[in-house]
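Reminder that position 239 of the sequence shown reads as 238 in numbering that gives the first Met the number 0, one-by-one numbering, no gaps.
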Amino acid sequence: MRGATTAPTRIVVVSASVGDGHDGVAHELGRRLESAGMTADHVDFVSVWPGGSLLKRAYRRQLDVAPASWGYLLRALGRSRVLRALVVFWAAVGSSRRLRRVCAGADLVVTTYPLAAQALGRLRRRGKLDVPAVAVLTEMAVHPLWIDTGVSAYMALHEVAAEQARAHGATAVEVTGPVVRPAFHPVRTARDQVHARTRFGLPPRATLALVVAGAWGVGEVVAAAADLAATGLVVPVVACGRNTRLAVELTAAGTAIAVGWTDAMAELMRACDVVVQNAGGLSSVEAIACGLPVLTYRCLPGHGAMNAAGLADSTWIPWVRDPSGLVEALTTALTANRTKDPRQGIVGVDPVERLTAMAKQTKESRA
Numbered sequence: 000m001r002g003a004t005t006a007p008t009r010i011v012v013v014s015a016s017v018g019d020g021h022d023g024v025a026h027e028l029g030r031r032l033e034s035a036g037m038t039a040d041h042v043d044f045v046s047v048w049p050g051g052s053l054l055k056r057a058y059r060r061q062l063d064v065a066p067a068s069w070g071y072l073l074r075a076l077g078r079s080r081v082l083r084a085l086v087v088f089w090a091a092v093g094s095s096r097r098l099r100r101v102c103a104g105a106d107l108v109v110t111t112y113p114l115a116a117q118a119l120g121r122l123r124r125r126g127k128l129d130v131p132a133v134a135v136l137t138e139m140a141v142h143p144l145w146i147d148t149g150v151s152a153y154m155a156l157h158e159v160a161a162e163q164a165r166a167h168g169a170t171a172v173e174v175t176g177p178v179v180r181p182a183f184h185p186v187r188t189a190r191d192q193v194h195a196r197t198r199f200g201l202p203p204r205a206t207l208a209l210v211v212a213g214a215w216g217v218g219e220v221v222a223a224a225a226d227l228a229a230t231g232l233v234v235p236v237v238a239c240g241r242n243t244r245l246a247v248e249l250t251a252a253g254t255a256i257a258v259g260w261t262d263a264m265a266e267l268m269r270a271c272d273v274v275v276q277n278a279g280g281l282s283s284v285e286a287i288a289c290g291l292p293v294l295t296y297r298c299l300p301g302h303g304a305m306n307a308a309g310l311a312d313s314t315w316i317p318w319v320r321d322p323s324g325l326v327e328a329l330t331t332a333l334t335a336n337r338t339k340d341p342r343q344g345i346v347g348v349d350p351v352e353r354l355t356a357m358a359k360q361t362k363e364s365r366a
């Protein structure tokens with residue numbers, strides 16, 4: 000007689016296809032969890048919340064047309080509990096039924112998106128989700144929208160982010176460091192950089208500054224490239240993401256080398272000598288993982304400025320606030336690249352070890 004087959008431990012990872020940062024962390028977590036023997040199911044919060052597609056389109060349009068208004072809105076949401084409650088109610092109630100359905104049978108639910116954290120926390124507080132829910136804080140700045148008393152635990156990039164989460168009312172917060180794909184590693188030999196430059200058609204001997212602005216290529220990217228070129232220290236290379244209009248503008252301006260959407264972002268980073276970013280998202284820590292110095296410059300309003308401040312406080316990434324500081328910042332960064340490993344100071348417990356332990360504990364308690 001055969002013994003009963005034990006179903007694998009199942010973890011649902013809820014992300015959001017709003018840019019690529021939340022999804023990038025979620026997919027890498029899922030990959031690591033499956034390597035550890037778990038079953039990891041990815042869910043896009045945009046698809047389970049009827050208002051998700053509308054919010055995604057509006058957010059993208061806002062960053063394109065009136066980015067300053069995004070900063071005002073984010074600050075207002077941080078200050079006003081009433082406004083925050085309205086947004087949370089809209090997201091949590093609208094997604095409740097579908098979210099419960101996709102999480103049914105899970106041993107643990109993990110999210111990399113703030114509104115999903117609110118929705119999951121609400122389900123747990125109302126007794127409609129009977130497994131732990133963990134929020135993985137994907138950026139250095141932690142907005143109050145991340146925090147809900149129903150969320151079981153929070154995982155932070157750095158103690159700076161952890162302290163912000165605690166200040167907003169989170170209790171179980173642990174520093175796990177950034178979650179980055181293994182493809183993002185430093186140049187191993189001098190030939191690696193040569194091959195990378197050849198692949199992207201980049202000048203073989205120039206000092207290259209890679210400008211990253213997320214998958215959508217938003218912000219003052221053209222101006223940032225022009226400012227970098229004007230220093231005479233670097234040749235700007237701009238990762239335009241899916242923004243084809245940006246590539247056309249840069250080519251017309253003649254101040255930078257425009258690179259369109261690529262799945263080989265790690266190799267593009269290794270082709271360059273320094274990275275300049277404007278949002279403080281996943282690309283920032285991916286660049287650090289590649290062993291590159293990183294600068295924040297002409298950051299996006301709202302989360303971009305908040306992340307810039309947090310990254311500067313952590314000492315991971317300096318914030319260059321105006322063109323007059325670029326020459327000194329670039330000189331320091333390029334010198335540091337040869338004398339200090341930018342990855343120093345990134346510490347934390349293994350998030351997958353913690354998540355698998357929580358999921359297994361839940362599974363065992365049900366047996």
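Cβ atoms here follow ideal geometry from the backbone N, Cα and C, with glycine treated the same way. A quick note: this is a predicted structure, and the numbers were derived from the prediction, not measured.
Residue range of the beta strand (DSSP E) that includes residue i
| i | result |
| --- | --- |
| residue 9 | 9–14 |
| residue 131 | Careful: residue 131 lies outside any beta strand (DSSP E) and carries neither H nor E. |
| residue 367 | The structure shown has nothing for residue 367, since the chain only spans 0 to 366. |
| residue 41 | 38–43 |
Bridge partners - residue i, DSSP secondary structure assignment
| i | result |
| --- | --- |
| residue 154 | 135, 173 |
| residue 318 | 295 |
| residue 332 | Bridge partners of residue 332: none, in fact. |
| residue 209 | 236, 274 |
From the options, residue whose alpha carbon lies closest to that of residue i
| i | options | result |
| --- | --- | --- |
| residue 228 | 244, 207, 238, 217 | 207 |
| residue 242 | 234, 212, 103, 232 | 212 |
| residue 392 | 160, 113, 51 | Any property of residue 392 remains undetermined from this structure, which presents the chain solely from 0 to 366. |
| residue 316 | 323, 180, 322, 290 | 290 |
| residue 139 | 105, 36, 280, 276 | 280 |
| residue 193 | 31, 136, 271 | 271 |
| residue 262 | 308, 273, 306, 198 | 198 |
| residue 82 | 144, 334, 65 | 144 |
| residue 96 | 47, 89, 200, 133 | 47 |
| residue 155 | 353, 363, 357 | 353 |
| residue 171 | 361, 141, 133, 177 | 133 |
| residue 11 | 37, 146, 175 | 37 |
| residue 214 | 277, 13, 186 | 277 |
| residue 322 | 295, 189, 135 | 295 |
| residue 147 | 158, 179, 182, 80 | 80 |
| residue 177 | 210, 350, 359, 217 | 350 |
| residue 347 | 124, 158, 131, 267 | 158 |
| residue 275 | 293, 152, 269 | 293 |
| residue 174 | 136, 110, 332, 103 | 136 |
| residue 330 | 239, 225, 259, 231 | 231 |
| residue 257 | 273, 269, 234 | 234 |
| residue 20 | 124, 302, 308, 247 | 302 |
Proximity test, residue i beta-carbon vs the ligand ZN heavy atom, cut-off 7 Å
| i | result |
| --- | --- |
| residue 161 | Looking at this structure, you won't find the ligand ZN or any other ligand, since it has none at all. |
DSSP three-state assignment for residue i, whether helix, strand or coil
| i | result |
| --- | --- |
| residue 110 | strand |
| residue 19 | coil |
| residue 243 | helix |
| residue 217 | coil |
| residue 203 | coil |
| residue 6 | coil |
| residue 145 | helix |
| residue 167 | coil |
| residue 302 | helix |
| residue 59 | helix |
| residue 230 | coil |
| residue 0 | In this prediction, residue 0 scores a pLDDT of 38, lower than 50, which makes its location untrustworthy; no coordinate-derived value is stated. |
| residue 373 | One cannot answer for residue 373 here, as it falls past the ends of the chain, which runs 0 to 366. |
| residue 184 | coil |
| residue 366 | coil |
| residue 120 | helix |
| residue 25 | helix |
| residue 178 | coil |
| residue 358 | helix |
| residue 35 | coil |
| residue 253 | coil |
| residue 50 | coil |
| residue 140 | coil |
Boundaries of the alpha helix (DSSP H) in which residue i is found, first to last residue
| i | result |
| --- | --- |
| residue 191 | 189–199 |
Where in the segment 255–299 do unbroken runs of the alpha helix (DSSP H), each at least 4 residues long, occur, reported from the N-terminal end onward? Here the runs fully enclosed are 264–269, 281–288.
At 4 residues or longer, what runs of the alpha helix (DSSP H) sit wholly inside the segment 65–106? Here the runs fully enclosed are 66–78, 80–102.
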